[in-house]
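Worksheet for the structure shown next.
There are 2 protein chains.
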Amino acid sequence: MTNESSQSLKLFIVLSRAYKAINEQVNKFIQTKGLNPTEFAVLELLYHKGDQPLQQIGGKILLASGSITYVVDKLEEKGLLKRNACPKDRRVTYAQITEEGKTFIGEIFPEHEERIHDLMSSLSHDEKETAIELIKKLGLSVGKY
Amino acid sequence: MTNESSQSLKLFIVLSRAYKAINEQVNKFIQTKGLNPTEFAVLELLYHKGDQPLQQIGGKILLASGSITYVVDKLEEKGLLKRNACPKDRRVTYAQITEEGKTFIGEIFPEHEERIHDLMSSLSHDEKETAIELIKKLGLSVGKY
DNA sequence: TATAATTAATTTGAATTCGAGATAAATTTT
DNA sequence: AAAATTTATCTCGAATTCAAATTAATTATA
Chain A
1 MTNESSQSLK
11 LFIVLSRAYK
21 AINEQVNKFI
31 QTKGLNPTEF
41 AVLELLYHKG
51 DQPLQQIGGK
61 ILLASGSITY
71 VVDKLEEKGL
81 LKRNACPKDR
91 RVTYAQITEE
101 GKTFIGEIFP
111 EHEERIHDLM
121 SSLSHDEKET
131 AIELIKKLGL
141 SVGKY
Chain B
1 MTNESSQSLK
11 LFIVLSRAYK
21 AINEQVNKFI
31 QTKGLNPTEF
41 AVLELLYHKG
51 DQPLQQIGGK
61 ILLASGSITY
71 VVDKLEEKGL
81 LKRNACPKDR
91 RVTYAQITEE
101 GKTFIGEIFP
111 EHEERIHDLM
121 SSLSHDEKET
131 AIELIKKLGL
141 SVGKY
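Protein chains in written order, with the UniProt record's numbering: chain A, 1 to 145; chain B, 1 to 145.
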């Protein structure tokens, strides 16, 4: 290692490669289920965190407001979610997962999780614990920039 | 932690968040220089690794063949690279960074590296070393899938 | 109150990427 | 040598995303 900056660069490179490799596998799986990654992310958010105003979805999964409209339209066309007007504030629209959407995610999520577990099998329990701790520290500090 | 799978899922989530947070900062910087992230990746590859057949660029930075044509067109329009026919195999075209391109990357790369170093400053030297080792192991095992 | 400022959702248009198919060149097989 | 296959690049259309502009509703302020 010639200096500290190049160590940081190396960390950036390995992080990028690992993320892309894992993500590619995860996305392939999601696409076999007829969703794109963004659709999956929105649906999973609603499934695990309940109804959300459209605007907040953008903040949570890092998506521009124009993109939210697009992806929510798609999911609504597929019958996996529906829009509900907020009675208190007519500017606000809630996205709510439908029964069909719940069934759908309920079926594929466990497999999704298991596949991720398989992808991570090169690390031991303790190594994962260490990796989680370090990467979380890194991510949190950047998020605050 | 309820079970091993959820630990892996957690690692996936922190990895995704950290990558996205860092990448967002890096991309913002690149865009202030008038390039998109793919253009930067191609140019940096040529700068550090020398001339490349178009087809190999796709393999190294994970890009479909149609996209390579597009990005190389853009960089050629900007005068940052040029195409060279391969004399031995007329199917092959090499991408070569121009003097203008070298000057350009030579100016922004050190700043790029320094910014990444700043983004990583929440981890100590040893923590980075540990993170590199673990993430590399993870990425390599997935890459072989 | 009315005016201004802010916030939420949508629409529009441009940029980027992929995938499928087309074309051209080289290599291998028959 | 001719045919078939492989390889490299490009073209085209579809999908996805963002940014900017628009519309509508709410909140703050003079």
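From the three backbone atoms N, C-alpha and C, an ideal C-beta is built for every residue, glycine too. All of these numbers come straight from a predicted model, not from anything done at the bench.
Could you pull the start and end residues of the beta strand (DSSP E) that residue 81/B belongs to?
-> 81-85
With 16 other Cβ atoms within 10 Å as the buried cut-off, status of residue 48/B | exposed
Is there at least one Cβ from chain A nearer than 7 Å to residue 91/B's Cβ?
-> no
Three or more C-beta pairs below 8 Å linking the segment 135-142 of chain A and the segment 12-32 of chain B | yes
Residue 64/A - containing beta strand (DSSP E), residue span = No beta strand (DSSP E) holds residue 64/A; DSSP gives it neither H nor E.
For residue 117/B, decide whether its Cβ has a neighbour in chain A, counting only Cβ atoms nearer than 7 Å.
-> yes
Under the three-state DSSP convention, the category residue 69/B falls into | helix
Compute the Euclidean distance between the alpha carbons of residue 22/A and residue 25/B, then round it to the nearest angstrom.
-> 21 Å
With a cut-off of 8 Å, do at least 3 Cβ pairs link the segment 102-119 of chain B to the segment 24-38 of chain B?
-> yes
Could you tell me which uninterrupted beta strand (DSSP E) segments, each at least 3 residues in length, are contained entirely in the UniProt domain "HTH marR-type" (8-140) of chain A, listed from first to last along the chain?
-> 81-85, 93-97
Close-in-space but distant-in-sequence residues of the same chain around residue 85/A (CB under 7 Å, 5 per side omitted) = 93
Between residue 80/A and residue 100/A, which are expected to be in contact by the criterion C-beta below 8 Å, what is the C-beta distance as a whole number of angstroms?
-> 6 Å
Does residue 142/A get closer than 7 Å to chain B when you measure Cβ to Cβ?
-> yes
Short CB-CB distance (under 7 Å) between residue 40/B and chain A | no
Along chain B, which residues have their Cβ under 8 Å away from the Cβ of residue 125/A?
-> 4, 7
Residue 16/A touches chain B at which residues, Cβ-Cβ below 7 Å?
-> 19
For residue 68/A versus residue 58/A, is the C-beta distance shorter than 7 Å?
-> yes
Out of 98/A, 66/A, 90/A, which has the shortest C-alpha to C-alpha gap to residue 77/A?
-> 98/A
By how many angstroms is the C-alpha of residue 71/B removed from the C-alpha of residue 124/B?
-> 37 Å
Would residue 113/B count as contacting chain A if we go by Cβ distances under 7 Å?
-> yes
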